Amino acid sequence: MHNKSVAELSRELESGTISSVELTQQFLDRLKTEDGKYNSFITISEEQALAEARVADEMRAAGKANVWTGVPFAHKDIFCTNGIRTTCGSKMLENFIPPYDATVTANFKAAGAVCLGKTNMDEFAMGSSNESSFYGAVTNPWGLSNGDKRVPGGSSGGSAAAVAARLVPAATGTDTGGSIRQPAALCGITGLKPTYGRVSRYGMIAFASSLDQGGPMARTAEDAALMMNVMAGHDPKDSTCIAQPVPDYTSTLNEPLKGLRIGLPKEYFSDQLSPAMEEQVRNAIREYEKLGATVKEVSLPNAKLAIAAYYVIAPAEASANLSRFDGVRYGYRCENPKDLMDMYTRSRAEGFGNEVKRRILVGSYALSAGYFDAYYLKAQKVRRLIQQDFLNAFREVDVLMSPVSPTPAFRQGEKNTDPVSMYLEDVFTIAINLAGIPAMSVPAGFVDGLPVGLQIIGDYFSEARLLNAAHQFQQVTDWHQREPQ
Amino acid sequence: MQWDIVIGLEIHVQLATQTKIFSGSSTAFGAEPNTQASAVDLAMPGTLPVPNEQAFRYAVMFGLATNAEIGRRSVFERKNYFYPDLPKGYQTTQLEQPIVGPGHVDIDLADGSTKRVRIHHAHLEEDAGKSLHEDYHGMTGIDLNRAGTPLIEVVTEPDMNSAEEAVAFAKKLHSLVTSLGICDGDMSQGSMRFDVNISLKPKGSDTLGTRTETKNLNSFRFMEQAIAHEVERQMDILEDGGTITQETRLYNGDRDESRSMRSKEEANDYRYFPCPDLLPVEIDDAFIEDARARLPELPDARRARFKEQYGLNDYDAGILSADAKLAVFFEETAEYGKDAKLAANWIQGEFSARLNAEDKSVAESPITGAQLGALVVRIADNTLSSSGAKKVFEALWTGESDSVDAIIDAKGLKQVSDTGALEAMVDEVLADMPDQVAQYQGEEDPKKRKKMLGGFMGPLMKASKGQGNPKLFNEILVRKLGG
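Protein chains in written order, with our numbering: chain A, 319 to 803; chain B, 15 to 497.
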């Protein structure tokens, strides 16, 4: 069962070959025996999962089941779950049990899905290797057979590793600068970062509010579409969430791709990309040509400014978003504070890890009197130029295709002492967040036995088209079916 | 040396919305600590603000009532600082693009002149919670019921030049926001709080001096005292050749003292930036017109109407129109009492004195405008003497009865106005006082005669057991004594 997709598991439950309680127990048992190798979960919520499974079986018996009823999955530990510890990968929230559900959490509950637990992540979603988690690094299932402990990417590295290792068929992720797409690419699974405002951010612990977006991580585009059907939609609790009708994302998966106009941003095929990676990506694009798509080169002239702009805007927003972790109302508080200032400084010094502190400092600096115009305002102007680049490109083509990351999964410890080389991991993904448009990562080959991702980028609210393009590719390739040994 | 005083005000006005500015929690005052604080108010992780449309409507109404430009694109910013009763670690407020732009308010001064005070802008923001330093044995309690209550902060230009002008402006603003119904005006509960910026400059100089800000004054009286105190403090320093430090000060009204809270150097760098959780709010014509249609009669218009409709003089009309609730009470009294001038006198006299004595607001008055109106009717038709009227008022106030006529009957306060009976009493009293009658009739000076007339009133009131109509007694006396 653990090799089946969400769609397949749903059919098994529907046909009655297995109950949700049985299925859930199988996944829980596997999770408990296998996850020692990966450390992809922070919390396994066995009791609640089995309770949800029992309810799902009752719903099915009452004839009230839908696609998701009784299907197991997991949440990135950034989505608040009522009554289940939600840590955001930080010591700061080690003891935090939210009394409320994130809207995404509530949506999956309403759909009858069974949440097995909370997946590991970079602390407060800040990282590209999952090494900044207070709960330990996550190991990529790929490369382990050679004895190599490689990173799964980040920040949604736990979700990506768990899905790749068949511990769960699907998991939620969030993407602020590439945090769904890069780990999906490094772990050989399918991930989608939706249009900003497509999925509610309520209850999703904020890193950089104008960039954060929740999305699906699964093995197939079809499963990602099924997740989007649950996740997307307007939420009155999030005023940045957009009131646009939600299509059935599965209904257009089988549209033919003939005539699809693909643009290749020349800036994303630069010398930052290894030749071996480039070859895999170009092979994938040739498959699209065989499916009837046309390809042309386009330019995103301001793309080179994206990392610099991002590392002003995201830390600036984060510096304010993380101020609420002050030891006053919840979360970590230092022992025996001698006064208020001591409580603030020690609680935050002891509760946050180094990468989080680095970004709070960078962000506070960028917003300081005398620097605001030169950093924050300038970065916002760059952001508009980057957005305009994409809008110009979409006047000529339907989608853009590129690599997701410049290299395949690197070894643990390789980059975590050099923040800038770590930040460059997101060189092909970050501009998409700044523009607010959707993009996918689709398995597209291997280099040295490690997965390579193809990035498909679309215009605002083109998730259905991206999923359609990914699904058609997955009908003629089997990269997404490969299983790590 | 002669000094010019320069005063600008920042006024925090709590908006009377049912719920908070970014959450659905109640804003009611006085609940048990932290019972009106939701996950959003507590700044729990992942929670997000959703703006309250009513707060925008109230702010726009304020802008329209102060002749201001309305900000068509209203942007919230984060003002970053750590404080235990500020749950998010930043206050959501406005800076560059506030909801209300430049406007003005005209104030009346004691010498009868009016003065225009310009408003620089007014912006929407959330209130913080409260830190409770008592009762926790060296610890601090945090009550977040108030956190997220909508405020508008009104910032004036430095257009006021005396405590009198500043207080007149503050009272005018109080009158405006309570008349608009956008603030309950209850200063004892912190519904309006004043920060006063004060500087001095040599008389006639064009250059402003260094200013200080005295924060959180919550009564007109404290504000007046604090200004007087600060002006004197600055004058002493300047006349001794010293310089003023730009700083924020706290005034203790009970001791008439102030102390420095923080200097400019110690001020926070608030690192303002636009709040990414809230989209800019576009205020369109339809919203503004809707707000305009909701504007009630404003104090200035009401004052003019009171003069016109009730024949009140400017002073009475000004006092009775300034407070919306008092104005309603007056109109009810005048309607039932028929005699508006008499109604105005009673409200400003006995009624206001009683409210003040018991520290009650008009809304807490135990008597209604209709009851006071009924009392006015009985004064106007001579049923009650002024001392009788006071007894009826007392009985109404203490709740002995809610009917004026029933009280008059029960207490036997009805005046005797039967001319025949009164004439008989006058004859009797005059017969008993021949010396005084002779003295009166021998006096030439009308003033002295008038005074001597009073000497007959005591015995007359005694003869009538206090129920004789004094006005009629007077008329009869004058006639009988021969002018």
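Where a beta carbon is used, it is the ideal one built from N, C-alpha and C, also for glycine. These figures come from a predicted structure and were not determined experimentally.
If I measure Cβ to Cβ from GLU673 of chain A and keep anything under 8 Å in the same chain, skipping five residues before and after, which residues do I get? As a position in the first sequence, residue 673 of chain A is number 355, starting the count at 1. Cβ neighbours of GLU673 of chain A beyond the five flanking positions: ASP440, GLU441, MET444, GLY445, SER450 and PRO737.
Report the neighbours of ILE523 of chain A on chain B: residues whose CB is nearer than 7 Å to its CB, in chain order. Locating residue 523 of chain A in the first sequence gives position 205, counting from the first residue. Residues of chain B passing the Cβ test: PRO59 and GLY60.
Listing by chain order, which chain A residues have their CB less than 9 Å from the CB of ASN94 of chain B? The residue you call residue 94 of chain B lines up with position 80 of the second sequence. The contacting residues are SER637, ALA638, SER641, SER682 and LEU685.
At a CB-CB cut-off below 9 Å, which residues of chain A make contact with PRO101 of chain B? Residue 101 of chain B sits at position 87 when you count from the first residue of the second sequence. Within 9 Å Cβ-Cβ: ARG642, ASP644, VAL646 and ARG647.
Exposure of PRO460 of chain B, with buried meaning 16 or more beta-carbon neighbours within 10 Å: Working through the second sequence from its first residue, we reach residue 460 of chain B at position 446. Burial call: exposed.
Beta-carbon neighbours of ILE156 of chain B, restricted to chain A and to distances below 9 Å: Counting from 1 along the second sequence, the entry for residue 156 of chain B is found at position 142. The answer, in chain order, is VAL646 and ARG647.
Please report how far the alpha carbon of GLU372 of chain B lies from the alpha carbon of TRP411 of chain B, in whole angstroms. Here the question's residue 372 of chain B lines up with position 358 in the second sequence. Here the question's residue 411 of chain B lines up with position 397 in the second sequence. Approximately 11 Å, taken between the alpha carbons.
Straight-line gap, LYS555 of chain A to PRO63 of chain B (C-alpha atoms, nearest Å): Looking up residue 555 of chain A in the first sequence gives position 237. Looking up residue 63 of chain B in the second sequence gives position 49. Here the alpha carbons of PRO63 of chain B and LYS555 of chain A stand approximately 7 Å from one another.
Bridge partners - MET535 of chain A, DSSP secondary structure assignment: Translated into the one-based positions of the first sequence, residue 535 of chain A becomes position 217. DSSP lists A:ALA489 and A:GLY509 as partners of MET535 of chain A.
Simplified DSSP assignment, three categories, for ASP120 of chain B: Reading the second sequence from its first residue, position 106 is the one you call residue 120 of chain B. DSSP places ASP120 of chain B within a strand segment (E or B) once states are collapsed to three.
Whole-angstrom Cβ separation of HIS393 of chain A and THR490 of chain A, contact assumed at under 8 Å? Your numbering for residue 393 of chain A matches position 75 in the first sequence. Your numbering for residue 490 of chain A matches position 172 in the first sequence. Taking C-beta atoms under 8 Å as the contact rule, HIS393 of chain A and THR490 of chain A qualify, at a distance of about 5 Å.
Would you check if the distance between the CB atom of GLN28 of chain B and the CB atom of GLY204 of chain B is smaller than 8 Å? To locate residue 28 of chain B, count along the second sequence from 1; it is residue 14. To locate residue 204 of chain B, count along the second sequence from 1; it is residue 190. Taking 8 Å as the cut-off, the beta carbon of GLN28 of chain B is found closer than this to the beta carbon of GLY204 of chain B.
Kindly give me the distance between the Cβ atoms of GLY521 of chain A and GLY60 of chain B, rounded to whole angstroms, as I take these residues to be in contact under 8 Å. By 1-based counting over the first sequence, the position of residue 521 of chain A is 203. By 1-based counting over the second sequence, the position of residue 60 of chain B is 46. About 4 Å separates the two Cβ atoms, so the contact holds.
If we call anything under 8 Å between Cβ atoms a contact, is GLY809 of chain A one with ILE523 of chain A? Look at the range of chain A in this structure, 319 to 803, and you will see that residue 809 of chain A is not part of it.
Return the chain-ordered list of same chain residues with a C-beta closer than 8 Å to the C-beta of SER401 of chain B, the five sequence neighbours on each side being excluded. Here residue 401 of chain B refers to the residue found at position 387 of the second sequence. Hits under 8 Å: GLY480.
Between which two residues does the beta strand (DSSP E) holding SER497 of chain A run? Position 179 of the first sequence holds residue 497 of chain A. Unbroken run through SER497 of chain A: none, as it is neither H nor E.
Looking at the structure shown, is ASP99 of chain B part of a helix, part of a strand, or coil, going by DSSP? As a working note, residue 99 of chain B is residue 85 in the second sequence. Note: ASP99 of chain B maps to coil in three-state DSSP.
Buried versus exposed call for PRO563 of chain A [16 or more other C-beta atoms within 10 Å across all chains shown]: The residue labelled residue 563 of chain A in the question sits at position 245 within the first sequence. Burial check for PRO563 of chain A: the Cβ neighbour count within 10 Å stays below 16, so the residue is exposed.
In chain B, which residues lie less than 9 Å from LYS555 of chain A when you measure between Cβ atoms? Position 237 of the first sequence holds residue 555 of chain A. For LYS555 of chain A, the residues of chain B that pass the 9 Å Cβ criterion are VAL54, THR61, LEU62 and VAL64, in the order they occur in the chain.
Selection of the region 278 to 309 of chain B by Cβ proximity to chain A, strictly under 7 Å: For the region 278 to 309 of chain B, which is checked against every Cβ of chain A, the residues closer than 7 Å are ASP283, ARG285, PHE287, PRO290, ASP291, LEU292 and LEU293.
Please report the residue range of the alpha helix (DSSP H) in which ALA697 of chain A lies. Within the first sequence, numbered from 1, the residue matching residue 697 of chain A stands at position 379. Its alpha helix (DSSP H) spans residues 696 to 711.
Using the Cα positions of ASN232 of chain B and SER202 of chain B, report the straight-line distance between them to the nearest angstrom. Taking the second sequence and counting its residues from 1, the one referred to as residue 232 of chain B is at position 218. Taking the second sequence and counting its residues from 1, the one referred to as residue 202 of chain B is at position 188. Rounded to the nearest angstrom, the two C-alpha atoms are 7 Å apart.
Alpha carbon to alpha carbon, what distance is there between VAL599 of chain A and VAL794 of chain A? Within the first sequence, the letter at position 476 stands for residue 794 of chain A. Within the first sequence, the letter at position 281 stands for residue 599 of chain A. Using only the alpha carbons, I get a separation of about 15 Å.
Can you tell me the Cα-Cα spacing of HIS798 of chain A and LEU571 of chain A, whole angstroms? Counting from one through the first sequence, the residue named residue 798 of chain A turns up at place 480. Counting from one through the first sequence, the residue named residue 571 of chain A turns up at place 253. When the Cα atoms are used, HIS798 of chain A and LEU571 of chain A turn out to be separated by approximately 16 Å.
Any idea what DSSP makes of LYS339 of chain B, helix, strand or coil? For the purposes of this step, residue 339 of chain B is identified with residue 325 of the second sequence, where counting begins at 1. Under the three-state reduction of DSSP output, LYS339 of chain B falls in the helix class.
For the region 557 to 576 of chain A, which residues have a beta carbon sitting closer than 8 Å to at least one beta carbon of chain B? Hits within the stretch, in order: SER557 and THR558.
Classify ASP328 of chain B as buried or exposed, calling it buried when 16 or more other Cβ atoms lie within 10 Å of its own Cβ. The residue given as residue 328 of chain B occupies position 314 in the second sequence. ASP328 of chain B should be labelled exposed.
Using only the alpha-carbon positions, how far apart do PRO417 of chain A and ASN400 of chain A sit? Locating residue 417 of chain A in the first sequence gives position 99, counting from the first residue. Locating residue 400 of chain A in the first sequence gives position 82, counting from the first residue. About 5 Å.
Using the DSSP secondary-structure output, state which residues sit across from ARG276 of chain B in a beta bridge. In the second sequence, residue 276 of chain B corresponds to position 262, counting from 1. Per DSSP, B:THR262.
Can the beta-carbon of CYS398 of chain A be found closer than 8 Å to that of ASP419 of chain A? By 1-based counting over the first sequence, the position of residue 398 of chain A is 80. By 1-based counting over the first sequence, the position of residue 419 of chain A is 101. CYS398 of chain A places its beta carbon less than 8 Å from that of ASP419 of chain A.
If you drop the 5 nearest sequence neighbours on each side, which residues of the same chain put their C-beta closer than 6 Å to that of MET661 of chain A? To locate residue 661 of chain A, count along the first sequence from 1; it is residue 343. Contacts found: GLY645 and PRO655.
When the Cα of VAL324 of chain A is compared with those of A:VAL548, A:SER463 and A:LEU772, which residue comes out closest? Within the first sequence, the letter at position 6 stands for residue 324 of chain A. Closest option to VAL324 of chain A, Cα to Cα, is A:VAL548.
Own chain, CB closer than 7 Å to THR397 of chain B, minus 5 neighbours either side, in chain order: Indexing the second sequence from 1 puts residue 397 of chain B at position 383. Counting only Cβ-Cβ distances below 7 Å, and skipping sequence neighbours, we find ILE422, LYS428 and GLN429.
List the endpoints of the continuous beta strand (DSSP E) containing LEU222 of chain B. As a first step, residue 222 of chain B is located in the second sequence; it is residue number 208 there, counting from the start. Where LEU222 of chain B is concerned, there is no enclosing beta strand (DSSP E), given that its DSSP letter is neither H nor E.
Between which residues of its own chain and ALA753 of chain A is the CB-CB distance below 7 Å, once the five residues before and five after are set aside? Your numbering for residue 753 of chain A matches position 435 in the first sequence. Taken in chain order, the residues that qualify are ILE704, GLN705 and PHE708.
Close-in-space but distant-in-sequence residues of the same chain around THR361 of chain A (CB under 8 Å, 5 per side omitted): Against the first sequence, residue 361 of chain A aligns to sequence position 43. Annotation for THR361 of chain A: ASP395, ILE402, ARG403, THR405, GLY435 and LYS436 place their beta carbon closer than 8 Å to its own, counting only its chain and skipping 5 residues before and after.
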